[in-house]
Each structure stands twice: as structure tokens, then as C-alpha cells.
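Protein chains in written order, with this note's numbering: chain A, 154 to 371; chain B, 154 to 371; chain C, 154 to 371; chain D, 154 to 371.
Cβ coordinates follow ideal geometry from the N, Cα and C atoms, glycine included.
See structure below.
Number of protein chains: 4
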Amino acid sequence: MSIASRTNETKWDRRYKDALDAAAEAFAERGYLGSSTKDIADKLGIQQGSLYYYLPSKEQALAAICELGVQKFVARLGEILDSNGPSSEKLRAAIANHLMPLTMKPEGDYVRVFVHHRHQLPSGPRQAVAALARRYHNLIERLFAEAVRCGDFRSDLNPTLAAHAMLGLCNSVTGARTQPAGASIEAIIDEYADILTRGMNVDRAKTTNNKSQPASRR
Amino acid sequence: MSIASRTNETKWDRRYKDALDAAAEAFAERGYLGSSTKDIADKLGIQQGSLYYYLPSKEQALAAICELGVQKFVARLGEILDSNGPSSEKLRAAIANHLMPLTMKPEGDYVRVFVHHRHQLPSGPRQAVAALARRYHNLIERLFAEAVRCGDFRSDLNPTLAAHAMLGLCNSVTGARTQPAGASIEAIIDEYADILTRGMNVDRAKTTNNKSQPASRR
Amino acid sequence: MSIASRTNETKWDRRYKDALDAAAEAFAERGYLGSSTKDIADKLGIQQGSLYYYLPSKEQALAAICELGVQKFVARLGEILDSNGPSSEKLRAAIANHLMPLTMKPEGDYVRVFVHHRHQLPSGPRQAVAALARRYHNLIERLFAEAVRCGDFRSDLNPTLAAHAMLGLCNSVTGARTQPAGASIEAIIDEYADILTRGMNVDRAKTTNNKSQPASRR
Amino acid sequence: MSIASRTNETKWDRRYKDALDAAAEAFAERGYLGSSTKDIADKLGIQQGSLYYYLPSKEQALAAICELGVQKFVARLGEILDSNGPSSEKLRAAIANHLMPLTMKPEGDYVRVFVHHRHQLPSGPRQAVAALARRYHNLIERLFAEAVRCGDFRSDLNPTLAAHAMLGLCNSVTGARTQPAGASIEAIIDEYADILTRGMNVDRAKTTNNKSQPASRR
DNA sequence: TATGAATGAGCCTTCATTCAT
DNA sequence: GATGAATGAAGGCTCATTCAT
Chain A
154 MSIASRTNET KWDRRYKDAL DAAAEAFAER GYLGSSTKDI ADKLGIQQGS LYYYLPSKEQ
214 ALAAICELGV QKFVARLGEI LDSNGPSSEK LRAAIANHLM PLTMKPEGDY VRVFVHHRHQ
274 LPSGPRQAVA ALARRYHNLI ERLFAEAVRC GDFRSDLNPT LAAHAMLGLC NSVTGARTQP
334 AGASIEAIID EYADILTRGM NVDRAKTTNN KSQPASRR
Chain B
154 MSIASRTNET KWDRRYKDAL DAAAEAFAER GYLGSSTKDI ADKLGIQQGS LYYYLPSKEQ
214 ALAAICELGV QKFVARLGEI LDSNGPSSEK LRAAIANHLM PLTMKPEGDY VRVFVHHRHQ
274 LPSGPRQAVA ALARRYHNLI ERLFAEAVRC GDFRSDLNPT LAAHAMLGLC NSVTGARTQP
334 AGASIEAIID EYADILTRGM NVDRAKTTNN KSQPASRR
Chain C
154 MSIASRTNET KWDRRYKDAL DAAAEAFAER GYLGSSTKDI ADKLGIQQGS LYYYLPSKEQ
214 ALAAICELGV QKFVARLGEI LDSNGPSSEK LRAAIANHLM PLTMKPEGDY VRVFVHHRHQ
274 LPSGPRQAVA ALARRYHNLI ERLFAEAVRC GDFRSDLNPT LAAHAMLGLC NSVTGARTQP
334 AGASIEAIID EYADILTRGM NVDRAKTTNN KSQPASRR
Chain D
154 MSIASRTNET KWDRRYKDAL DAAAEAFAER GYLGSSTKDI ADKLGIQQGS LYYYLPSKEQ
214 ALAAICELGV QKFVARLGEI LDSNGPSSEK LRAAIANHLM PLTMKPEGDY VRVFVHHRHQ
274 LPSGPRQAVA ALARRYHNLI ERLFAEAVRC GDFRSDLNPT LAAHAMLGLC NSVTGARTQP
334 AGASIEAIID EYADILTRGM NVDRAKTTNN KSQPASRR
């Protein structure tokens, strides 16, 4: 008895996942409308017509990618919020949660497709996906609201706009065709987390790590 | 003598501009590939075939939009950089320069198309446009480099990544299909400028406006 | 009183002729279907729409070119047939009549259009033109028939096929995109007349010019 | 095992050939520009869009027809030149080689398309086809040059012009919309071969076969 | 399971023609 | 006499999708 059958994963299931991965890759590379079903089939090494044995339609593939692709995202973000630690640490973890998958296949493609192409869905599936996106946004927003409430972040910070800013900043990395010259994802995460927490102005408190600042200033 | 003839602007010139505006609007709404030439013609109130009296091709329209649409952008950014004042003010002005047009027709559409659809151009025109984009990016990067050099911004700020961050943050506003709930562009500009300069952490120096900070620290 | 008005040729008449010439040139260069009305208008230096002040339609222009263009042809061929002289001389004159105009503007274009594009006419005008063509063909055929009857040409020569051969040979010059390397039209006329009358075989009667043969044989 | 599989000819191969044949027929009947892809598809009994399962483009079909259609031609002409026999016989065989296919489907269409429409190819493929055409022309020219050298044909015959004449004469048959009234292709071949070799003038030597003439006159 | 063949709708573009001015 | 503006009908081509095998 093979592992596949033990886990109840049929060959079809495996190939379905492959097809979705291929579609995600194609969509990420050339856009949803710019990708033909032949592009996807080519990546899978099958004929165009055969694709329909796995995918009901190109549109449905997009929907599935958007839905499946971000669920883990949301789940992990929830864990981050539930954890303990200073808000700046949570923010940093949230940024990392958002950006780390970009370097991985196929996760990165799923994220990219979700971020850039979910709006091309017809209104039915779009709303389902939009709900997921809103949930994600709300989690981020809550992070900021709590950080303000507990005094970690400035009291004049608008949590809604802050959430937009953080997501926008992260999503911009997602769409980057030219990777910021030679910068690793880790470096980007560090820099962006620093910018969001400490800002760009010269630090009046001479410390590199803001976690220890409050203590040293009090 | 009509105004049109005084300014040497023929009817064709006016309608050409209209056609470009209509194309920009369509592209901004449905994407380049998602917009049919009929969509554009409908916005103009003419037949699809008549569009070609003004536009040589859909592709060429995209190229023209991208090129024309950002030239004023770059020019104004140059002026901002040449001005005097603290770096945080320059940054704020640069952000405003980037975001203010978004509220205007047709400027906003031109910006959106430039940001999101310039990559769909065939390599010829794409490179011309890419050069413009790089120039813009370099100006922003220089802003940060100089700010660091003159001590306005943290010495450990990476100007290249900072430029990516600032542009990414601004461009994310560009793509927002749902305007951040009830927030005016001006509010967004303020908040984003604050976030980038002061960060989110609680201010160790109790000032709301960083412009007055240097004074209070001297 | 100008010449134009004396001859009752209005400016319109002159421009109409110009338009036909331009159309003939365009058709000869790029074919009937390959020529746009803009091509014709460009040659005339007017706008596409203005063409219709002179030409009722592109199709009608083709018809007019075909009809007008060959009438002089037929007339001159009649004169040649009515003349006296040996048949080989008449044949030579007929060939010259057919080929000489090719070097001239706009006559050459009219001939080319008649030969190559008359079949694209819709059946109405086509038949009118076909009648002209048949008349021309019949004249040639009569030349051969008489030449055979009077003993100038071989008695086993089929006049119908001979007419086809002669016309085909001449018309092939008409369509030549590559002028036979450096050969003048006059040289071609000489060579082709020689080939048709004397053939290619070595001459049993040692004369280089068949014109002098009758004398030497009498 | 079917014949198809024995010869490794797939259904696609067969239908591709059919598509080319249909295109050749359409082009021969209505010209390249005058034939729509729908015309071709109709001949095949499929939908217009389905044509593209076999043909990459209308243009490419023209190129393929021109190239494939004449290769056998050239090959056979080479054999004729290599054979032994009097020049007039070779010429006759060359004429037959050129004209016989005209009566056959689809060969005749391929020839007609090659002769009349190869010039509508874009310069890339056109040059490839032009090379074939030049090769063919050169073979004919060589036939005449050798015939002159060995004394079979008149010493004052210009081989280049003679090749143009022979090809022009043959090609005119190709374009004939009205088959020379009731004349079989064989009759045309005979008559044209006679005209080219013996000419039209009365034969001073009363023999039908020119091979024996010199002997009988000496 | 997967393929080959075909469909049919839609898209971008061209172009002959019209007509008010 | 001529123009500029617009039309509407094709035309070539792509592509998501279907289905018998």
C-alpha cells in the first residue's frame, strides 16, 4: 500500500494540485488574461484539452488558487497575533509571514496571484475571496489597534490606514519584477520592519533595537 | 477666432486626447488585456472601428499613456528635490506629488496605467518607459541618500530599499480598488508621510510634527 | 481663353484622368485588392475621402482603366492588320504595339492592369471588358489565319493557339517584376518576334533577318 | 495495421495536406488577397477558426504552397536536362513538364499559385521561393545555352531572353481563365513546342521533324 | 487518463464609402 | 472642390471549451 493511498490522496488529487500550481505559476508570470490554457498545459506537460480533466475552467482555477493560497496565511497571522511580545515584534513577524512565502514555489505564486489577480474573478467567487482578504486585513488592523491601546505604538496612529500601509508595502514586494538590487527577502523584511516601526528620521534615542528603548528611556 | 484656433489645437488633437483618456480609463478599470477597443470606443461614443482614426493601435495607446502620463510627474519630483527644507518635508512633498493626481481625471488613470500596466508593453516601448521609471526611482533614491548624508535620516537607512518602500507604499494606493474607508487622499498622504518619517513606535520626543523637532532638540 | 476651355476639358476632366492614372499606377504596383483608396489618394496628393469627388468607386475605376486603357490598343492593331507587307512584319508590328506602351507612363500601367486585373471586375463590367479582350484576340487570330492562307506562315499552324501563344508571350513581359536582365524593350521585341517567326532551330536558309528572306527567296 | 500507420502518416498530416490543397485551390481561383480563410475552411468543410489547427497563418500557407509545389518541378527539369536527345526534344519535354501538371488536382493549383501569387509573400519567405524560381529559370537558360553551343539552336539566340520567352509562354497558359477553346493540354504542348522550335514561318524544308532536316537539305 | 480534433465567439485592425461643412 | 470625421462590414487570428475515442 503506497503512501498516496494511505493518505487517501489519489493520483488525481496530486495532479489536480500540480495543475493548480502550474496555473498559479502561469498567472503569476503573465497575468490571468495573459495566460492561455495552453501555457498551463505546457507547464504540466500535457495537452491543452487534457487540462479539463483536472480543472473545470480557467476561471475556477483562479478562484481555487486565490482561496487555497491564502488560507495558511490567515491562519499563521492569527497565531502571530495571539502570541506574546512587543508589538514591533509582532509587526515584524507579520511582515515576515507575508513576504517569506514569496521565495518559495509554489507558495509565492499563490500569493502573487491572490494579490494581483483576485479582482479578475467574476463577482460570485470574487466575494468569497474578498471575504478572506478582509479577514486578513482586519487581523492586521487589530494588531495596530491593540498596539496603540497598549501604548506600544503612537496614540495618533490610524490603525486602518496603518493596515493599508503595511499591506501595501508588503504587496508591492509581491509585484516587483525587478527584485530590489541584490537584496535578499530577509534584508527587505528587516528594512521594512525598521522603517515602519522606527521611521526614517534620526533616532533621538541612540539604540538600534527599539525593544530595549522604552526600558532605557523610562 | 475661436480658442481652439488660437491655441492651434485642432479638433483632432482634442479628440486624440479624449481617446487617450478613454483608453486610460478603460485600462485602469479593467486592465490592458481586459479592455477591448470597443470598451474604449464606447467611452468616446463612437464606433469601434472609428477609434483607429485617432489611435494607431491599442498597444500604441498604452505606450502613449505610459509616456505622457508620467512626464509631468518626473519633472515635478525634480523640482521638489531641488527645493530647500528638511528632508522629511521633501519626502512628504514627494508622496503628495505621487498621490494627489490619483483623485483627478484623467491624471489618476494615467498614473494607474503607468504603474500597473506598463509591463505589458512590447519590449521596444517598454524600455523607453522603463527608462522613465528608473529615472523616477533614482530621484527618490537620491532624496534618501542626501537625507542620510546631511543627517536628517538615520545613517543605517538603505536608500535603495527605502526608495522601493516609499514607491511601493505609494503605488499600493494606486491599485486600491476599495479606497481606504472614507479616508481622503490628503489624510493618506499625512499618515503615510508620518509613518515613513516617524515610524509607528511611540515618539520618545513628544512632538507631533517632526518639522519642529530639530528646534526642540537643539 | 485657355487651351483647357477651348478643348472643353474642364479642370474636373483633367483631375479625373489624373485619378485614373493614379489608380492604374497603384493597381499595377500592388494589385487591385492590394491597393487601398488611400494609396491612390496619396499619389494624387489629396485626402482619401476626396477621391470620391472624381471616382464613383474603386471598382468603377478599375472598369474605366480596363476599358479606356485598351481602346487605343485595339485601334492601332486594326491599322496594323490593314497595312500591307509580309505577315512576319505585321506580327512584329503587333508585338511592338503590345509591348512598347509598357515603357510609358501611364499607358504601361493601363496595360498591366488590363492584363492582370480585369478578372477582378464584377460580372457586369467584366463582360464589357471581356468583349474588348476578345476583339483584340480575334484580330490577332485573324492575322495568323490570313498569314497561313496567303502562304506566309506554315499551313499546319493553328491560328487560335498561335494567337494565345503570341498574347501569352507578350503578356508575360507585362507581369515581369524582374526585367529580363538589362534587356531593353526593343531588344525583347526583336528577340520575341524572331522566335515566333523563325523559331529556335538552326535556320536552314542562311539569313539572319527574316525580313530579307522573302526577297532572297523570290 | 492501416496504411496510414504503416506510412507513419497521421490524420493530422493528411488533413494538413488537405488544408494546403484547399488553400491552393482558393488562391488559384480568387487570388491570395481575394481568398478569405473562410473560403479555405469551406472547401475543407470545417469552421474558419478550425483552420488554424492545421495552418499557422494564411501567409504561411502561401509560402508552403509555393515551396512544396515546385520542388518536384525543378527536380524533373533537372532530369530532362541530363537526358540525351536533340535540344528540340528536351525543350518539348520541358514544356510538357511545365504544362502537364496544370490539368491535375491539386498540382495545377500549386503551380498556378506559385506562378501568380508568390510575389505577395513577405520578403522573408519570398526570397526563399525566389531562389527556387531562379534555379528553375537558370536550368531553362542552360538548356538554351547548350543547345546553341552544340549547334541545335540558332547561334544568334539569346539564351536569357529565350528562357524568359519559354517561361512566359508556359506561364501564360497557367493564368488562362478561358482554356483555349477546346484545345487539350497535349495539343497546346505540341503547338507551343513547334512554334518555339520551328517558328511560324513556312518551313523551307518539308519535314515535320527538324532533326532530319539539316541532313535532307545538305 | 489523456488526446486530437474541432468549435464558436470575440478581438484587433483595415478599408471602401458617406456626408456635413 | 476638397476635407475631416465617422461608419460598418469584413478579415485574420486566438482561445476557452467540448467531446468522441
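key: Short CB-CB distance (under 8 angstroms) between T350(C) and chain D   = The residue given as residue 350(C) occupies position 197 in the third sequence. With 8 angstroms as the cut-off, T350(C) counts as an interface residue toward chain D.
query = Hey, how far is the Cα of T190(C) from the Cα of W165(C)?
reply = If you number the third sequence from 1, residue 190(C) lands on position 37. If you number the third sequence from 1, residue 165(C) lands on position 12. Between T190(C) and W165(C), the C-alpha separation is close to 19 angstroms.
request  = Give a single yes or no on whether S241(B) has its beta carbon closer than 7 angstroms to a heavy atom of the ligand GTP.
outcome  = Among the components modelled here there is no ligand, and therefore nothing to report on the ligand GTP.
query = Are R307(D) and M319(C) touching if we call contact CB-CB under 8 angstroms?
reply = Here the question's residue 307(D) lines up with position 154 in the fourth sequence. Here the question's residue 319(C) lines up with position 166 in the third sequence. No, Cβ-Cβ distance for R307(D) and M319(C) is not below 8 angstroms.
query = N324(B) bridges to which residues according to DSSP?
reply = What you label residue 324(B) is simply residue 171 of the second sequence in a count that begins at 1. According to DSSP, which records beta bridges pairwise, N324(B) is partnered with nothing at all.
query = So what's N161(A) in DSSP terms, helix, strand or just coil?
reply = Translated into the one-based positions of the first sequence, residue 161(A) becomes position 8. In this structure, N161(A) counts as coil in the three-state DSSP scheme.
ask   = For A281(A), which residues from the same chain have a beta carbon less than 8 angstroms from its beta carbon, with the 5 sequence-adjacent residues on both sides left out?
value = Translated into positions along the first sequence, residue 281(A) becomes position 128. So the qualifying residues of the chain are A216, E220.
ask   = Based on the DSSP output, what are the partners of N354(A) in its beta bridges?
value = Translated into positions along the first sequence, residue 354(A) becomes position 201. Paired residue(s): F306(B).
request  = Could you have a look at I199(C) and say whether DSSP puts it in helix, strand or coil?
outcome  = Locating residue 199(C) in the third sequence gives position 46, counting from the first residue. In this structure, I199(C) counts as coil in the three-state DSSP scheme.
task = Check the Cβ of L230(D) against every Cβ in chain C and list those closer than 9 angstroms, keeping chain order.
result = Here residue 230(D) corresponds to residue number 77 of the fourth sequence, with the count starting at 1. The contacting residues do not exist; L230(D) stays about 18 angstroms from chain C at best.
ask   = Of the choices R229(B), E299(B), E212(B), C323(B), whose alpha-carbon is the least far from that of P275(B)?
value = Locating residue 275(B) in the second sequence gives position 122, where the first residue counts as 1. The shortest C-alpha separation from P275(B) is found at E212(B).
key: Residue interval of the alpha helix (DSSP H) (run including S240(A))   = Translated into the one-based positions of the first sequence, residue 240(A) becomes position 87. Segment 240 to 252, the alpha helix (DSSP H) holding S240(A).
task = Could you work out which residues of chain C lie near Y345(D), taking near to mean beta carbons separated by less than 8 angstroms?
result = By 1-based counting over the fourth sequence, the position of residue 345(D) is 192. The contacting residues are L314, A318.
inquiry  = So with CB distances below 9 angstroms, who are the chain C contacts of D174(D)?
reply    = Counting from one through the fourth sequence, the residue named residue 174(D) turns up at place 21. Those within 9 angstroms of D174(D) in chain C number zero; the least Cβ separation is about 22 angstroms.
request  = Alpha carbon to alpha carbon, how far is N311(B) from I193(A)? Give it in angstroms, no decimals.
outcome  = The sequence position of residue 193(A) within the first sequence is 40, counting from 1. The sequence position of residue 311(B) within the second sequence is 158, counting from 1. Rounded to whole angstroms, I193(A) to N311(B) spans 39 angstroms at the Cα level.
key: Inter-residue Cα distance where the pair is E242(D) and L197(C)   = Along the fourth sequence, one-based indexing puts residue 242(D) at 89. Along the third sequence, one-based indexing puts residue 197(C) at 44. Distance between the alpha carbons of E242(D) and L197(C): 52 angstroms.
request  = Under 7 angstroms Cβ to Cβ from V326(C), same chain only, skipping five residues before and after it: list those, please.
outcome  = The residue you call residue 326(C) lines up with position 173 of the third sequence. If we look at V326(C) and ignore the five residues flanking it on each side, its Cβ neighbours are L252, L255, I341.
request  = State buried or exposed for Q200(A), treating a residue as buried only when at least 16 other CB atoms are found within 10 Å of its CB.
outcome  = Here residue 200(A) refers to the residue found at position 47 when the first sequence is read from its first residue. Exposed, since its Cβ has fewer than 16 Cβ neighbours within 10 Å.
D347(A) versus G187(A) - alpha carbon distance = Locating residue 347(A) in the first sequence gives position 194, where the first residue counts as 1. Locating residue 187(A) in the first sequence gives position 34, where the first residue counts as 1. Approximately 37 angstroms between the Cα atoms of the pair.
request  = State the Cα-Cα distance for the pair K359(D) and D309(C), rounded to the nearest angstrom.
outcome  = The count along the fourth sequence starts at 1 and reaches residue 359(D) at position 206. The count along the third sequence starts at 1 and reaches residue 309(C) at position 156. Model confidence at K359(D) stands at a pLDDT of 42, short of 50, so the residue's coordinates are unreliable and nothing is read from them.
ask   = What residues in the segment 275 to 306 of chain D bring their beta carbon closer than 8 angstroms to a beta carbon of chain C?
value = F297, A300, G304, D305, F306
query = Can you name the residues of chain B whose CB is closer than 9 angstroms to the CB of N250(A)?
reply = Counting from one through the first sequence, the residue named residue 250(A) turns up at place 97. Per Cβ cutoff of 9 angstroms: no residues; N250(A) is ~17 angstroms from chain B at best.
task = Starting from the C-beta of Y169(D), find all residues in its chain whose C-beta is less than 6 angstroms away, skip the five residues before and the five after it, and write them out in chain order.
result = Walking along the fourth sequence from the start, residue 169(D) turns up at place 16. So the qualifying residues of the chain are Y207.
request  = Measure the CB-CB distance between Y345(C) and I248(C) and report whether it falls below 8 angstroms.
outcome  = Locating residue 345(C) in the third sequence gives position 192, counting from the first residue. Locating residue 248(C) in the third sequence gives position 95, counting from the first residue. Yes, these two residues count as a Cβ contact at 8 angstroms.
key: Residue span of the alpha helix (DSSP H) that contains Y185(D), given as start and end   = By one-based count along the fourth sequence, residue 185(D) stands at place 32. Here Y185(D) belongs to no alpha helix (DSSP H), and DSSP marks it neither H nor E.
query = For chain C, is any of its Cβ atoms less than 8 angstroms away from the one on A216(D)?
reply = On the fourth sequence, residue 216(D) is found 63 positions in, with the first residue counted as 1. No, its Cβ sits nowhere closer than 8 angstroms to a Cβ of chain C.
request  = Tell me, please, whether the CB atom of S337(A) is closer than 8 angstroms to any CB atom in chain B?
outcome  = Against the first sequence, residue 337(A) aligns to sequence position 184. Chain B contact via Cβ: absent.
request  = Determine, using beta carbons only, whether G238(D) comes closer than 8 angstroms to chain C.
outcome  = By 1-based counting over the fourth sequence, the position of residue 238(D) is 85. No, no contact with chain C.
Classification of Q273(C) by the beta-carbon crowding that lies within 10 angstroms, buried from 16 upward = For the purposes of this step, residue 273(C) is identified with residue 120 of the third sequence, where counting begins at 1. When all chains shown are included, Q273(C) counts as buried.
Chain B contact for L186(A) (CB, 8 angstroms cutoff) = Taking the first residue of the first sequence as 1, we reach residue 186(A) at position 33. So yes, L186(A) belongs to the interface.
query = What first and last residue would you give for the alpha helix (DSSP H) that runs through G261(D)?
reply = Along the fourth sequence, one-based indexing puts residue 261(D) at 108. Its alpha helix (DSSP H) spans residues 260 to 270.
request  = Just tell me which of D174(A), A316(A), G328(A) has its CA closest to the CA of T350(A).
outcome  = Reading the first sequence from its first residue, position 197 is the one you call residue 350(A). Comparing Cα-Cα distances from T350(A) to each of D174(A), A316(A), G328(A), the minimum goes to A316(A).
query = Nearest-angstrom Cα distance between R302(C) and S240(C)?
reply = Within the third sequence, numbered from 1, the residue matching residue 302(C) stands at position 149. Within the third sequence, numbered from 1, the residue matching residue 240(C) stands at position 87. Each residue's Cα considered, the two are about 11 angstroms apart.
task = State yes or no: is the C-beta of L244(A) within less than 8 angstroms of the C-beta of L292(A)?
result = Stepping through the first sequence from its first residue, residue 244(A) is reached at position 91. Stepping through the first sequence from its first residue, residue 292(A) is reached at position 139. For L244(A) and L292(A), no; Cβs fall outside 8 angstroms.
ask   = When you compare only the Cα positions, how much space is there between A286(B) and E299(B)?
value = What you label residue 286(B) is simply residue 133 of the second sequence in a count that begins at 1. What you label residue 299(B) is simply residue 146 of the second sequence in a count that begins at 1. A286(B) and E299(B): Cα-Cα distance of roughly 20 angstroms.
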